[in-house]
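Asker: For reference, the structure I am asking about is given below.
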Amino acid sequence: MLRSLLKICIWVTICCLISTPGYAAQTTITDVRLGLHKDKTRFVIEIDQKPEYKIFFLPNPDRLVIDMQEVNWLDEATSKKGVGLIESYRYGLFRQGTSRIVLDLKTPVKILRETILPPTDKKPYRFFIDIAKTDQAQFAKSVEESRKRQVAAIKPRQENVPIPRSQLKHTIIVDAGHGGIDPGAIGKSGIYEKKLTLAVAKKLKTELEKDNRYRVILTRDRDTFLSLRERVDIAREYKGDLFISVHADSIGRSDIRGSTVYTCLKMHQMRKRQHWQQIMTRRM
Ligand SMILES: [Zn+2]
């Protein structure tokens, strides 16, 4: 059943890696609520420790993003329907130490108020964000301000210390697609693509390392989000000889089986999926 829905695609390109140790979050989000008011939509989270957060906006589609310390989620679901100005919202681990909540917006919005209420006898911390409708120009301005703040805050990733390249071994970077807040495709049985790709990537590493000509590095070895840019940067940093990105697409047709291979020979083309598709081969 799953196999009939999911096709494993392996993207091959020249080039790079990272692994992070297991780590348990100490903070727990105990409730998430939405409030619909005449002039605003309210987003509330209840959290057992004070949230250390950053809010920013992303365009196309319009989103409001809240990054905070790594948290446990009481609720297993990672995506929910919204109300008012919020179409839906998603949450999950963004990267080690950071969890992310994404509000998918129905319209450009501005923040009216963000407040943290201290715990009481009965309630933990409550973090409120009130949003209201705004125009496209104002939203674009907020996006640009967010972008500038983000760029200023970028620090080198500690865990990406380059490993000296072995003279004897070829370095193969195995990249498990999706992860963290991005589940990828969802199979008929409900399995997330991100889980499948991680399992395949680990197995591939084990198999490839049986041949001692290869050193294999995983871009992720746990359920964490990596942007495409981060995956490429890792590849470059570690001077990988071969980059294999593992995906398991769902196309919703049980009569189609097989694999898709996208190849890309130049590093600078890696970020353009469009280019990969032009030269793909497909067998079904
Ligand atoms: Zn995928």
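Residues in the sequence shown are numbered from 22 upward in steps of one, following the working numbering. Ideal placement from N, C-alpha and C gives every residue a C-beta, glycine not left out.
Using CA coordinates, which residue listed in K127, V86 and V123 is at the minimum distance from A105?
Answerer: Sequence inspection shows Gly at residue 105; the Ala mentioned does not correspond to that position. With distances taken between Cα atoms, G105 lies closest to K127.
Asker: Secondary structure at T49, three-state DSSP: helix, strand or coil?
Answerer: Note: T49 maps to strand in three-state DSSP.
Asker: Quick check on S248: does DSSP put it in helix, strand or coil?
Answerer: Residue state, collapsed to three classes: coil.
Asker: How long is the line joining the alpha carbons of V164 and D276, rounded to whole angstroms?
Answerer: Their backbone Cα atoms lie some 43 Å apart in a straight line.
Asker: Is E214 near ligand 2, going by C-beta to nearest heavy atom under 6 Å?
Answerer: Only ligand 1 can be found as ligands here, which leaves ligand 2 out of the picture.
Asker: Leaving out the 5 sequence neighbours to the left and right, which residues in its chain are closer than 8 Å to V99 when beta-carbon positions are compared?
Answerer: A small correction: the amino acid at residue 99 is Thr; Val does not occupy that position in the sequence shown. If we look at T99 and ignore the five residues flanking it on each side, its Cβ neighbours are R111, Y112, G113, I202 and P204.
Asker: Using three-state DSSP, classify T141 as helix, strand or coil.
Answerer: Correct three-state label for T141: coil.
Asker: Taking 6 Å as the cut-off, is the C-beta of G208 nearer than that to any heavy atom in ligand 1?
Answerer: No, since every heavy atom of ligand 1 falls outside the 6 Å radius drawn around the Cβ of G208.
Asker: Return the bridge partner residues of G113 from the DSSP annotation.
Answerer: G113 is bridged to R121.
Asker: As a quick exercise: from L55, L133 and E91, pick the residue whose alpha carbon is nearest that of D69.
Answerer: That would be E91, whose Cα lies nearest to the Cα of D69.
Asker: At a cut-off of 6 Å, would you count G201 as near ligand 1, judging by its Cβ distance to the nearest heavy atom?
Answerer: False, no ligand heavy atom lies under 6 Å from that Cβ.
Asker: Rounded to the nearest angstrom, what separates R63 and L95 at their Cα positions?
Answerer: Looking at the two C-alpha atoms, the distance is approximately 20 Å.
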